[in-house]
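Here our numbering is used: the first residue of the sequence shown is 335, the next is one more, and so on. C-beta: ideal position from N, C-alpha, C; glycine also. To start, the structure itself, in structure tokens.
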Amino acid sequence: MFYDKQTQRKIQLLSLLIALLILIPIVLDFSKGFMIGFNSSFIGFENGLGKSSLQICTLKPDSLQLGQYGSMPGLTLSTDGILYIPDAMVPVGLKISAAVFTVLSLAALIAMIVMLFKLIRSVAADGLMNSKNIKRLRLLSYFMIAFYFISYIDMFLSTSYYRTHLDLGNNTLSYPELSPAVTIGFILLLLAEILNIAHKQREELDLTI
């Protein structure tokens, strides 16, 4: 399928906007986690906690009690924080699994970005309604979903271990929440299936004619 230059530029612009909408929440999640980890490590080194593993977590009190926020009373439902856990308290299995999940999530992220840019170039040249680009869109959604679920499983395993092995006083370590951005991956997957059905129907119609 060939387009005139003006139509091709429009398709390229729209594809670029879609790519940005897909990448922005991922980049924001990554940059937020990176800055939290970097700043926490820096503060840890300043306070002699360099030989500690960081655990980003959400703590909630075991019982609700009124506290003061300035001049206003209020309840603390949960607080986000960083736990500095001595390396000696972190089992080898947990360190290995964390390293494996980090590599897998990075691989999924790279594969997702590569597939996204391949899809943009191909859509600009041939359109989206063809089996090659529908397959690429499906793979893109798989990589995106895998990226978020791998990251979630990594945090879930570490949280599960620390919930049973750390004494946090009157606080409970909350399980992590799956990033809402994963819905983009499922939306793209549904879109790929809809386009695949429409493409097959168009092929059957062309054969009939």
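Taking buried to mean at least 16 other C-beta atoms within 10 Å of its own C-beta, is residue i buried or exposed?
i    : result
L507 : buried
L351 : exposed
F376 : exposed
N467 : buried
L362 : exposed
Which same chain residues end up closer than 6 Å to residue i when comparing Cβ atoms and leaving out the 5 residues on each side of it in sequence?
i    : result
Y509 : T493
K385 : D421
L529 : I468
With a threshold of 7 Å on Cβ separation, who are the neighbours of residue i within its own chain once the five nearest residues in sequence on each side are excluded?
i    : result
S545 : With the chain covering only 335 through 543, there is no way to say anything about residue 545.
I356 : L450, I518
L474 : M446, M449, L450, L453, L522
L398 : L409
Residue i to residue j, Cα distance in whole Å?
i    : j    : result
A353 : G371 : 27 Å
F520 : A441 : 19 Å
I484 : L438 : 7 Å
F368 : E538 : 50 Å
F435 : L411 : 30 Å
I479 : G404 : 42 Å
A515 : I430 : 27 Å
V457 : F364 : 27 Å
F490 : K344 : 43 Å
A532 : K366 : 39 Å
L502 : G401 : 19 Å
R455 : T542 : 32 Å
Q535 : H499 : 57 Å
N381 : M463 : 58 Å
Thinking just about the alpha-carbon of each residue, which of the options is nearest to the one in residue i?
i    : options                : result
A432 : D363, S374, D488       : D488
R497 : L347, L362, K394, N467 : K394
L347 : S465, A459, T413       : A459
L471 : A526, L500, Y495       : A526
N505 : T413, P407, R455       : T413
I358 : L443, G378, S465       : L443
I360 : L383, H499, F477       : F477
Who are the near neighbours of residue i in its chain, counting only those whose CB is closer than 8 Å to its CB and skipping five residues on each side?
i    : result
I416 : I370, S374, L388, Q389, I390, C391
R512 : Strictly speaking, residue 512 in this sequence is Leu, with Arg absent from that position. Y482, F483, Y486, listed in sequence order.
D396 : N504, N505, T506
Y495 : P425, L428
P407 : L400, G401
Mind pulling the beta strand (DSSP E) runs of 3 or more residues that sit fully within the stretch 474–503?
Qualifying beta strand (DSSP E) stretches: none in this window.
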